[in-house]
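K.L.:
Residue numbers (the working numbering): 1 to 754.
Cβ atoms here follow ideal geometry from the backbone N, Cα and C, with glycine treated the same way.
Got a structure for you, written out below as structure tokens; questions coming shortly.
What follows is the structure, given as structure tokens:
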């Protein structure tokens, strides 16, 4: 679509996609302005009677002129009959994006709620009910103005959505009881949804929960939501009562109108502002710090690892200080290279201070600058410049850590001071090489893992007792095998040996325990894996990546509810971590939570564009949502990212010629030819070989409905000891095979119960 002309609109870029359609930014060539074009899904554009009703309602909504309602310019359709809406294009973010970063201050949440209700009041006065109020349908402009969008669209969808597969959990969670039952609704269904949104803004949680759509609907119909003050202790009694009233299951017991609701919201805002001004003087800020990645002066990419490693070591050291909250590495590192006001960064990371700095490395000489900045006013609490030899880097790290602790008024015991300086190796060269290994490991790519292995091995040459380097080796070899970059039956034994060596050298490190738990998970040694994960969390309860991997273990071992709690904790600890978001994408996909999977895949790709598996999950999810063109695009991107561009091109040609099934079969056939040549590379070192995973071929044939071929390649995967064989128990793309006796036999062979 990018670059195409639709009517008098030139498509510029894709802004987003979901169950309600795909949105593009476009240029209105007639009026020389930017617009947002929303293309409705094909299945919503096919019934002529439905289209007429929708256009009538959308036209009525477009006549609403209110600052809190998104402007609709026109409704039209393409030459092939696909409807689209041209809307104003606003700079800012959705309320959903804002909530995803954390709960909102009470004053801000009330202000947004007031704006939403004001927009709804205008619509209700014209007898227009939105029916799909949710955070994703509220846009927040850069100046803080709330805009309600997608009027009219909900009714078109809601007529059939509760009887179709693929209903989005995100939409169901905001439905009123009467809406879930398919009965007639009025303006009070919007009041209910506003109550759900307000509850979520203040608590960060949905008032009605469930792992599946029907479980959520049951909760909406039969269960009472938690009292707001249980989740948001600072909420006033009046605010709690207001939310409770909006969420009454009987519409007659809710607010009669948005006018009444608006009056109460404004009264609460006035009282809240008054109380806030009184309490501000007494407010005590929890000491907290974020360490941003140090700027690599000179730009030599060979020094990038050291700049990152310096910041990472400072984070690790400060994490040992009791009472000091430290932003996670991946959250802080998200701001690398971004020219943002340091105070804005601090607010996004929810910290009171930020440490930033720079590094210039020339030969054996270092110049390191560091400054600690107070977020409240932007003033420097402390700054220093260090001109030293490279051999003094440990001492510099200690000095910076102690200076921060002193400025934040912490009193350290001698043992706490000692823990600040602990690095688990006394060899500077080994430490330096280990940092380079972690730098490449974080890239989540085959080349990255292989490069990491090289550096971890070099670190071990300098210090053979370096437990963390062995743990790094174990994780690198594990993920090479998991994602099909090397043959698992070759890489996983090496991973296990490295993890065991790390454990023998130092079993008091969370990273070491985690690496062994990970290896045991891939080898289906469930009880040992459980023991190691639990021990890792005893040593470091805030190890986010560990919680993400543990969630996968719990899902595979049959504890889905515990796994959901773990993945949520991992995302809470490090919402900007690519590995954590990748783990969440896998988990949500295995739970059939497709909208959540799409969201997590997109977040992962924003953080680490080279992670091909996210494109594979998107392809699988889009297929389940009937978005076949989008699915093919993601398959092609995934294949190209793995170096199979020729297969991707053949897939596109086959799609144009033979449709979706033909495209999948063509890709599977091309990849299976490459599989025959795998043994050619056997004379090369393991990390230099190319590998073709039978699992990829099996998935493609399964998706194409070719069961016999799928089982043939699944059996090859079994012989290759593919760790992804454990996914047979949980992943949706195997559902079509479950009734076949060969599936039960395969589960029996790999030691899993159906």
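From the DSSP output, in three-state form, read off residue 373 for me.
P.N.:
Note: residue 373 maps to strand in three-state DSSP.
K.L.:
According to DSSP, is residue 252 part of a helix, a strand, or is it coil?
P.N.:
Note: residue 252 maps to helix in three-state DSSP.
K.L.:
Is the separation between the beta-carbon of residue 570 and that of residue 547 shorter than 8 Å?
P.N.:
Against a cut-off of 8 Å, the Cβ pair of residue 547 and residue 570 comes out as a contact.
K.L.:
Please report the distance separating the alpha-carbon of residue 704 from that of residue 661.
P.N.:
Those two C-alpha atoms are separated by around 5 Å.
K.L.:
Determine the direct distance from the alpha carbon of residue 654 to that of residue 627, and round the result to whole angstroms.
P.N.:
Spanning the two alpha carbons is a distance of roughly 17 Å.
K.L.:
Any contact of the region 245-252 with the region 192-200, i.e. 3+ C-beta pairs under 8 Å?
P.N.:
Contact holds: three or more Cβ-Cβ distances are below 8 Å.
K.L.:
Could you check which residue in 137, 365, 173 has the C-alpha nearest to that of residue 221?
P.N.:
Among 137, 365, 173, the Cα nearest to that of residue 221 belongs to 173.
K.L.:
What alpha helix (DSSP H) runs, 4 residues minimum, are completely inside the region 327-412?
P.N.:
Taking only runs of at least 4 residues, the alpha helix (DSSP H) segments lying wholly in the region 327-412 are 329-333, 342-349, 393-407.
K.L.:
Since residue 545 and residue 577 should fall inside the 8 Å C-beta cutoff, what is the C-beta to C-beta distance between them, to a whole number of angstroms?
P.N.:
Residue 545 to residue 577, Cβ: 7 Å. Contact.
K.L.:
Could you work out which residue in 141, 76, 389, 732 is closest to residue 69 when comparing CA atoms only?
P.N.:
Residue 69 has its Cα closest to that of 141, out of 141, 76, 389, 732.
K.L.:
For the beta strand (DSSP E) that residue 38 lies in, which residues bound it at each end?
P.N.:
Residue 38 -> beta strand (DSSP E) spans 33-39.
K.L.:
With 16 other CB atoms within 10 Å as the buried threshold, where does residue 214 fall?
P.N.:
So residue 214 ends up on the exposed side.
K.L.:
Tell me, to the nearest whole angstrom, how far the beta carbon of residue 401 is from that of residue 314; I am working on the premise that it is less than 8 Å.
P.N.:
That belief holds up - the Cβ atoms of residue 401 and residue 314 are roughly 6 Å apart, short of 8 Å.
K.L.:
When the Cα of residue 319 is compared with those of 385, 722, 541, which residue comes out closest?
P.N.:
Residue 319 has its Cα closest to that of 541, out of 385, 722, 541.
K.L.:
Alpha carbon to alpha carbon, how far is residue 459 from residue 361? Give it in angstroms, no decimals.
P.N.:
Near 20 Å, if we compare the C-alpha coordinates of residue 459 and residue 361.
K.L.:
Taking the runs of the beta strand (DSSP E) that are 3 residues or longer, which of them lie wholly in the region 545-633?
P.N.:
Complete beta strand (DSSP E) runs here, min 3: none at all.
K.L.:
According to DSSP, is residue 447 part of a helix, a strand, or is it coil?
P.N.:
Helix, per DSSP.
K.L.:
Within 10 Å of its beta-carbon, does residue 59 have 16 or more other beta-carbons around it, so buried, or fewer, so exposed?
P.N.:
Label assigned to residue 59: exposed.
K.L.:
Per the contact definition of three or more C-beta pairs closer than 8 Å, is the region 91-98 in contact with the region 124-137?
P.N.:
Cβ pair count under 8 Å is three or more, so yes.
K.L.:
Should residue 218 be flagged as near chain D, meaning a C-beta pair shorter than 8 Å?
P.N.:
This model lacks chain D altogether; it includes just one protein chain.
K.L.:
Fully enclosed by the region 79-151, which beta strand (DSSP E) runs are 3 residues long or longer?
P.N.:
As far as the region 79-151 is concerned, its whole beta strand (DSSP E) runs of at least 3 residues are 83-88, 92-94, 138-141, 146-148.
K.L.:
Please identify the residue among 178, 616, 203 whose C-alpha is closest to the C-alpha of residue 192.
P.N.:
Ranking 178, 616, 203 by Cα distance to residue 192 puts 178 first.
K.L.:
Between the C-alpha atoms of residue 306 and residue 370, what's the straight-line distance to the nearest angstrom?
P.N.:
About 15 Å.
K.L.:
Cα separation between residue 251 and residue 210?
P.N.:
Those two C-alpha atoms are separated by around 23 Å.
K.L.:
Excluding the five sequence neighbours on either side, which residues of its own chain have a C-beta within less than 8 Å of the C-beta of residue 552, listed in chain order?
P.N.:
Contacts found: 521, 563, 583, 586, 587.
K.L.:
Under DSSP, the alpha helix (DSSP H) around residue 696 begins and ends at which residues?
P.N.:
Note, residue 696: alpha helix (DSSP H), 694-703.
K.L.:
For residue 143, count the other beta carbons within 10 Å of its own beta carbon; 16 or more makes it buried, fewer makes it exposed. Which is it?
P.N.:
That one is exposed.
K.L.:
Could you pull out every residue in the same chain whose Cβ sits closer than 6 Å to the Cβ of residue 463, ignoring the five residues on either side in sequence?
P.N.:
Answer for residue 463: 425, 427, 430, listed in chain order.
K.L.:
What's the gap between the Cα of residue 746 and the Cα of residue 297?
P.N.:
Going by the C-alpha atoms only, they are around 56 Å apart.
K.L.:
For the candidate residues 355, 590, 535, 543, whose alpha-carbon lies nearest to that of residue 561?
P.N.:
Nearest of 355, 590, 535, 543 to residue 561, Cα basis: 590.
K.L.:
Pick from 123, 127, 171: whose alpha carbon is nearest that of residue 148?
P.N.:
The option with the nearest alpha carbon to residue 148 is 123.
K.L.:
Quick one: what does DSSP say residue 73 is sitting in, helix, strand or coil?
P.N.:
Strand.
K.L.:
Our contact map puts residue 441 next to residue 484 with C-beta atoms below 8 Å; I'd like the distance itself, whole angstroms only.
P.N.:
Residue 441 to residue 484, Cβ: 17 Å. No contact.
K.L.:
Locate the alpha helix (DSSP H) running through residue 230, then write down its first and last residues.
P.N.:
Residues 228-231.
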